Amino acid sequence: MTGPNLDLTEEQRMIRDTARDFAQNEIVPVAAHFDETGEFPRETIRKMGALGLMGIEVPEEYGGAALDTLAYVLAMEEIAKADVSHSTIMSVNNSLYCHGILKFGTAEQKKKYVTPIASGQKIGAYSLTEPMSGSDAGTMKSRAVREGDCYVINGRKSWVTSGPVADYLILFAMTQPELKHKGVTAFIIETDQPGFIRGKTEPKLGIRASATCEIVYDNYRCPVENRLGQEGEGFKIAMTVLDAGRIGIASQALGVAEAAFEAAVKYAKEREAFGQAIGQFQGIQWMLADMKTRIEAARWLIWNAALSKERSKHTGERYTEAASMAKLFASETAMWVTEKAVQIHGGMGYSKELPLERYFRDAKITEIYEGTSEIQRLVIARGVLGMK
Ligand code: CAA
Numbered sequence: 006m007t008g009p010n011l012d013l014t015e016e017q018r019m020i021r022d023t024a025r026d027f028a029q030n031e032i033v034p035v036a037a038h039f040d041e042t043g044e045f046p047r048e049t050i051r052k053m054g055a056l057g058l059m060g061i062e063v064p065e066e067y068g069g070a071a072l073d074t075l076a077y078v079l080a081m082e083e084i085a086k087a088d089v090s091h092s093t094i095m096s097v098n099n100s101l102y103c104h105g106i107l108k109f110g111t112a113e114q115k116k117k118y119v120t121p122i123a124s125g126q127k128i129g130a131y132s133l134t135e136p137m138s139g140s141d142a143g144t145m146k147s148r149a150v151r152e153g154d155c156y157v158i159n160g161r162k163s164w165v166t167s168g169p170v171a172d173y174l175i176l177f178a179m180t181q182p183e184l185k186h187k188g189v190t191a192f193i194i195e196t197d198q199p200g201f202i203r204g205k206t207e208p209k210l211g212i213r214a215s216a217t218c219e220i221v222y223d224n225y226r227c228p229v230e231n232r233l234g235q236e237g238e239g240f241k242i243a244m245t246v247l248d249a250g251r252i253g254i255a256s257q258a259l260g261v262a263e264a265a266f267e268a269a270v271k272y273a274k275e276r277e278a279f280g281q282a283i284g285q286f287q288g289i290q291w292m293l294a295d296m297k298t299r300i301e302a303a304r305w306l307i308w309n310a311a312l313s314k315e316r317s318k319h320t321g322e323r324y325t326e327a328a329s330m331a332k333l334f335a336s337e338t339a340m341w342v343t344e345k346a347v348q349i350h351g352g353m354g355y356s357k358e359l360p361l362e363r364y365f366r367d368a369k370i371t372e373i374y375e376g377t378s379e380i381q382r383l384v385i386a387r388g389v390l391g392m393k
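For the sequence shown, the numbering used here gives the first residue as 6, with consecutive numbering after it.
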């Protein structure tokens, strides 16, 4: 790793090194097994929690490591470099779930619902998407109707990352559908209550150890004290939280790109063809040069977004475009670099004997979830044109 010439703090270096050691020693050896079986890696996730990786920016009083966003992206890159599935679970816990409750929750909600997730004892999730409402998130149909001191929730949510195993999740549902996005409200859901019904786990191309499912709400009763923010604030909460989430996804894209690149450099030095190492051929050299350049550019954008998010803690300014640019560029870099790394490895890149084909499959999701590349371009263009 090189990266922008910033002096990292002692804490930032420590969490990065902790994440790197854990990832290389404990995740790399099991990553292929979890990819093959699609099992949820509960034990490694629990250990990551004990190391402080599940609530990196969460204050100590709520069980977190109390570090900053740069620390978060450094750690995320290291975990993703070993396995994107593990980093996906980490990303949802940290930035979609904990960040959402820390930013918009009451002190009681933070104590009860952040502490067990930040410490890795329990799993959190975030549930916005529906079968017919994805990029157009404001068109959701799930309904929450106030009845006394409860909201009765009915609806169907899809593509819930960590849904099959989550203990708690943040759910978005319509309290006033006639107001469209201004009628969306957020709720903290306990998944062991009646009316919470999990659908089948999705079989996926990549990130196969990150469990994903549909969830049906059938007269689920959510106490009023579990409403997150005010009625009608849900869409802004969803978007604000996704801004943070997109920086995490960019970092996991960077991690997998880096893993593929390092493997490609090693192979280019070792593998011989036509009497010399293939790295001696200009065709391979130019691929490696472009891979390295894109990786470093992605890292700059990610660090810029992380620093923008840090600044926003004091200024309150949005960092929406910085996050979208980081996610857009890093995820397209991940796809491009992993594809080139497979190509450089030839037949071995296509074989399950090496992790290259897994990197390639895992990289694809970063261009899709938490806002597709097309949505990131839309967000950036609206910013450029002053259409916010
Ligand atoms: N921060 C704060 N507020 C925001 C915001 C942001 N980043 N983006 C928009 N808003 C506000 C706007 O200011 C506007 O407020 P007012 O009503 O007060 O004017 C309101 O939200 C509506 O904004 P838009 O008119 O821009 O809304 P839109 O309907 O055109 O949608 C969008 C904008 C960017 C397309 C948005 O819908 C979007 O990001 N879509 C993609 C959704 C997405 O990423 N889904 C992935 C879900 S999570 C997942 O992948 C699975 C998982 O488990 C990890």
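The C-beta atom is built at its ideal place from N, Cα and C for all residues, glycine as well.
Since the structure is predicted, the reported quantities are computational estimates derived from the model, not experimental observations.
Item: Beta-carbon proximity list for T343, same chain, < 6 Å, skipping 5 on both sides; Value: A265, Y364, F365 and A368
Item: For I349, the three-state DSSP class (helix, strand or coil); Value: helix
Item: Boundaries (first-last residue) of the beta strand (DSSP E) holding E219; Value: T217 to P228
Item: Assigned exposure category for V229 - 16 Cβ within 10 Å defines buried; Value: exposed
Item: Within the stretch 99-183, ranges of the beta strand (DSSP E) (whole runs, at least 3 residues); Value: 129-132, 148-152, 155-166 and 173-179
Item: DSSP-derived helix/strand/coil call for Q5; Value: Not covered by the structure: residue 5. The range shown for the chain is 6 to 393.
Item: Burial state of L184, where buried means 16 or more other Cβ atoms lie within 10 Å; Value: exposed
Item: Identity of the residue in I122, E236 and T298 nearest A262 by Cα; Value: T298
Item: Status (buried if at least 16 other CB within 10 Å, exposed otherwise) for N224; Value: exposed
Item: Near ligand 1: V261 beta-carbon under 8 Å from a heavy atom; Value: no
Item: Whole-angstrom distance between G125 and A36, CA atom to CA atom; Value: 19 Å
Item: Nonlocal neighbours in the same chain, by C-beta distance under 8 Å from S317, ignoring five residues either side; Value: R323 and Y324
Item: Three-state secondary structure (DSSP) of K357; Value: coil
Item: Contact belief for V78 with S256 at Cβ below 8 Å, rounded distance in angstroms; Value: 4 Å
Item: Simplified DSSP state of V189, which is helix, strand or coil; Value: strand
Item: K205 versus C218: straight-line alpha-carbon distance, rounded; Value: 6 Å
Item: Integer Cβ distance of M145 from V189, believed to fall under 8 Å; Value: 7 Å
Item: Inter-stretch contact at 8 Å, needing at least 3 Cβ pairs: the stretch 111-122 / the stretch 158-168; Value: no
Item: Same chain only: Cβ atoms within 8 Å of I300, ignoring 5 sequence neighbours per side; Value: L259, A262, E263, F266, T338 and V342
Item: Unbroken alpha helix (DSSP H) run spanning T42, endpoints; Value: V33 to T42
Item: Candidates E275, R226, T42 and A76: closest to T14 by CA position; Value: A76
Item: Contact set for T23: own chain, Cβ-Cβ below 7 Å, skip 5 residues either direction; Value: L56
Item: Proximity of P46 and H91 at Cβ, strictly below 9 Å; Value: yes
Item: Inside the stretch 51-92 only - beta strand (DSSP E) runs reaching at least 3 residues; Value: none
Item: Alpha-carbon to alpha-carbon, F279 and A85; Value: 35 Å
Item: Assumed close pair A310, A327 - CB separation to whole angstroms, cut-off 8 Å; Value: 4 Å
Item: Closest Cα partner of T93 within the set A149, G139 and I370; Value: I370
Item: Cβ separation of G253 and M81, assumed to be a contact under 8 Å, to the nearest whole Å; Value: 6 Å
Item: Reduced DSSP category for K205 - H, G, I as helix; E, B as strand; rest coil; Value: strand
Item: 8 Å contact criterion, which A335 and A386 should meet: CB distance rounded; Value: That belief does not hold up - the Cβ atoms of A335 and A386 are roughly 18 Å apart, past 8 Å.
Item: Which of helix, strand or coil DSSP assigns to E236; Value: coil
Item: Extent of the continuous alpha helix (DSSP H) run through R18; Value: E15 to F27
Item: Whole-angstrom C-beta distance between A331 and I307, which should lie under 8 Å; Value: 5 Å
Item: Residues near E16 by beta carbon distance below 7 Å, same chain, minus five either side; Value: L72 and A76
Item: Euclidean distance between Cα positions of K52 and L390; Value: 46 Å
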